[in-house]
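Engineer: Residue 403 in UniProt numbering sits at position 403 of the sequence shown, and the numbers go up by one each step.
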Amino acid sequence: MAVVAPVASIQLDIIAPLLPAYVAVVLMFDVFTATLLISQYVAVGAPALLALAAAYLFNGFTAVAWAASFPGVLAPEGLLGGDLQTTAVIAAFRRLAFPLGLLAYALLRRRADAPEVWRPWSPTTAVATVVVSALAALIVTGAAGGLSTIVPKLMVDARVPTAAWDFVLWAGIAATLVAAVAIARLRPFCVLDLWLLVALAAFLVEIAMLGFLADGVRLSVAWGAGRLFGLVAVAVVALALLVDTVVATARSVSKLAAEVQARRAREASLEALGAAIAHELNQPLTAIVTSAEAAGRWLDRGNPDLLRARERLAAIGAEGARAGRVLDGLRRSFGRGPSRDGLVDAGSLLASVAALARAEAAGARVAIDRGAATGLRVRGDADQLRQAVLNLVVNAIEAMALTPGGRRIVTLSARAEGAACVLSVSDAGPGLPPALLDMPAGPFQSEKPRGMGLGLMIARTIVEGHGGRIMAANRPEGGAVFEIALPRGNDNV
């Protein structure tokens, strides 16, 4: 600003032919920014991002109308058939709408109430954001000519504003400062918020240069320099989002590679588990079958030998106990007991499960509702407990995917019951069949047509290894609920 000040009032007629190119760049950055914001909305389902996208779209669309109505740019009197005031009215709307759009973003961010609810993205809402932004720009453009006869005159001639423009100037400054304070107070404060503050700072510099250095006079050196800061205001967030998208994509690729490797490791572990079970149980099962056949033969004699039959039946019992010991050994070998014992916060555990299940829930059009669990802790391995709850959540999502229509929501909650902490996973699906209610987490039992029940088996194995238990029931209002009861930690508050 100090560099521009000495020559601020000098008129540069060369600026007018450059305005269409300037507006084209502004429109490109605004649409690009809005596209990236909508793509982030698709990923996280946050309505605040749509408000921000709408602000950028409106700013870009009205920039086109502003340039088209500007006297001497595309036509001596502009292309929209208005008068000297039309361009100024459109500029006034743009001056106020951008910071107000960012303020709406901040207010929507603050509206995140506890319990936290994540909802899947809506394609209708995303498309409606674009349509409403375009319609708002069209309405402002169409009404600008009519409003110019109602509101106080903003322009003396094609270049010099009236004193009434000072109201727009100070209103724009106030709106920008309010939006900046609202965004700065957001918690948690993210990288996007930081770049929005940078954009608002550039926007404020633009207002100051246009209003104070240029005194609102168009096509002066200060006026042109201010427009460059306006370009920075729309470009900085676009470039920041682009960098963030590239970094996020690289992380996603790395994470995907790690998940593929982990999946292969799990598949190898399951194959090893199956082979181990087949190998270790082959002998006791063979002995059980042989003893059963022998007992049958002793009983089928004309003069049954009850003593020998009892011996064979006792052998069957012994082999069954041996098979149980084999399974216990296999469960210990495959990580039955907690390997990293510690205090686990129930709220953080449910939050991490909701985050891990988010992608699958979005694909099935299922919402995840997480209740508060303040102060509840359990003792155990956080990774194993997370896997147990996640298995139940995935089963709930898959169960609702088979149910047409209706309200699809998985609810996660935690509560204290005496010395236990109960983690609950409920859904609005078809409920559980009686077989699963009798033995809710039995190995290789599933309510899904092609399911093997491994998720329930693993969940029960982990929970029992932590000294807990799993319970299942059908909800009166429909759907099923699984509850995991675990011993509470010693320092619960």
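We put the beta carbon where it would ideally sit given N, CA and C, even for glycine. These figures come from a predicted structure and were not determined experimentally.
#1: Note down the Cα distance separating Val23 from Ile15, rounded to an integer number of angstroms.
#2: Under 6 Å Cβ to Cβ from Gly451, same chain only, skipping five residues before and after it: list those, please.
#3: When the Cα atoms are used, what is the spatial distance from Phe189 to Leu108?
#4: Given Ile183, which residues of its chain have a CB within under 7 Å of its CB, disregarding the five upstream and five downstream residues?
#5: Compare the beta carbon distance of Leu169 and Gly226 with 8 Å and say whether it is the shorter of the two.
#6: Could you tell me which residues DSSP puts in a beta bridge with Phe93?
#7: Look at the alpha carbon of Ala420 and the alpha carbon of Leu135, and state the distance between them as a whole number of angstroms.
#8: Look up Asn282 in the DSSP assignment and say whether it is helix, strand or coil.
#9: Across which residues does DSSP place Asn59 in a beta bridge pair?
#10: Taking only the alpha-carbon atoms, compute the straight-line gap between Leu307 and Arg322 and give it to the nearest angstrom.
#11: Which ranges does the alpha helix (DSSP H) cover as unbroken runs of at least 4 residues, wholly within the stretch 186-211, from first to last along the chain?
#12: With DSSP run on the structure shown, which of helix, strand or coil describes Leu343?
#13: Under the three-state reduction of DSSP, which class applies to Ala364: helix, strand or coil?
#14: Report the rounded CA-to-CA distance for Arg218 versus Asp244, giving the unit in angstroms.
#15: Put Pro71 into one of helix, strand or coil per three-state DSSP.
#16: Inspect the CB distances between the stretch 378-396 and the stretch 354-365 and report whether three or more fall short of 8 Å.
#17: I'd like the list of long-range same chain contacts for Leu80, defined as Cβ closer than 8 Å, with 5 residues on each side in sequence excluded.
#18: Please name the residue or residues paired with Leu423 in a DSSP beta bridge.
#19: Is it buried or exposed, Gly296, if we count other Cβ atoms within 10 angstroms and call 16 or more buried?
#20: Which partner residues of Ser220 appear in the DSSP bridge assignment?
#21: Give the straight-line distance between the Cα atoms of Ala480 and Leu96, rounded to the nearest whole angstrom.
#22: When the distance is taken between beta carbons, is Leu154 closer than 8 Å to Thr176?
#23: Excluding the five sequence neighbours on either side, which residues of its own chain have a C-beta within less than 7 Å of the C-beta of Phe32, listed in chain order?
#24: As a quick exercise: from Ala158, Val160, Pro152, pick the residue whose alpha carbon is nearest that of Phe167.
#25: Label Asp427 either buried or exposed according to how many other C-beta atoms from any shown protein chain fall within 10 Å of its C-beta, with 16 as the threshold for buried.
#26: For Ala391, does the three-state DSSP call read helix, strand or coil?
#27: Tell me which residues share the same chain as Val260 and place their Cβ nearer than 6 Å to its Cβ, disregarding the 5 neighbours each side in the sequence.
#28: Grouping DSSP H, G and I as helix and E and B as strand, with all else coil, what is Asp383?
#29: CA-CA distance, His466 and Leu486?
#30: Please work out which residues of its chain come closer than 8 Å, Cβ to Cβ, to Pro338, disregarding the five sequence neighbours upstream and downstream, and give them in chain order.
#31: Using a Cβ-Cβ distance cut-off of 8 Å, determine whether Ala473 contacts chain D.
#32: Taking 8 Å as the cut-off, decide whether the C-beta atoms of Phe98 and Ala55 are in contact.
#33: With a 10 Å radius around its C-beta and 16 neighbouring C-beta atoms as the bar for buried, classify Leu402 as buried or exposed.
#34: Short of 8 Å in beta carbon distance, which residues of its chain neighbour Leu186, apart from the five on each side in sequence? Order them along the chain.
#35: For a quick check, are the C-beta atoms of Val422 and Glu483 less than 8 Å apart?
#36: Return the CA-CA distance between Ala222 and Leu138, expressed in angstroms with no decimal places.
Structural biologist: Inspection of the coordinates gives the following:
#1: 12 Å
#2: Reliability fails at Gly451, whose pLDDT of 43 lies under 50, so the model's placement of it is uncertain and no value is given.
#3: 14 Å
#4: Leu102, Ala106, Asp193, Leu196, Leu197
#5: no
#6: Per DSSP, none; premise fails for Phe93.
#7: 56 Å
#8: It is helical.
#9: Answer by DSSP bridge pairing: none, since Asn59 is not bridged.
#10: 23 Å
#11: 191-208
#12: strand
#13: coil
#14: Distance from the CA atom of Arg218 to the CA atom of Asp244, rounded to whole angstroms, is 37 Å.
#15: strand
#16: yes
#17: Ala65, Ala68, Ser69, Thr86, Thr141, Ala144, Gly145
#18: Leu423 has Ala414, Ile484 as its beta-bridge partners, per DSSP.
#19: Answer is exposed; the Cβ neighbour count stays below 16.
#20: Gln11
#21: 51 Å
#22: no
#23: Closer than 7 Å at Cβ, skipping near neighbours: Ala238.
#24: The shortest C-alpha separation from Phe167 is found at Pro152.
#25: buried
#26: With the sequence shown as reference, residue 391 is identified as Asn, and Ala is not the correct amino acid for it. Three-state result, Asn391: helix.
#27: Closer than 6 Å at Cβ, skipping near neighbours: no residue.
#28: helix
#29: 7 Å
#30: Interpretation of Pro338 is limited by its pLDDT of 45, a score under 50 that renders its predicted location unreliable; the figure taken from the coordinates is listed afterwards. Result list for Pro338: Gly380, Asp381, Gln384, Gly465, His466, in chain order.
#31: Absent from the structure is chain D; it holds one protein chain and no more.
#32: Yes, the Cβ-Cβ distance between Phe98 and Ala55 is below 8 Å.
#33: exposed
#34: Closer than 8 Å at Cβ, skipping near neighbours: Ala106, Arg109, Arg110, Asp193.
#35: Yes, the Cβ-Cβ distance between Val422 and Glu483 is below 8 Å.
#36: 30 Å
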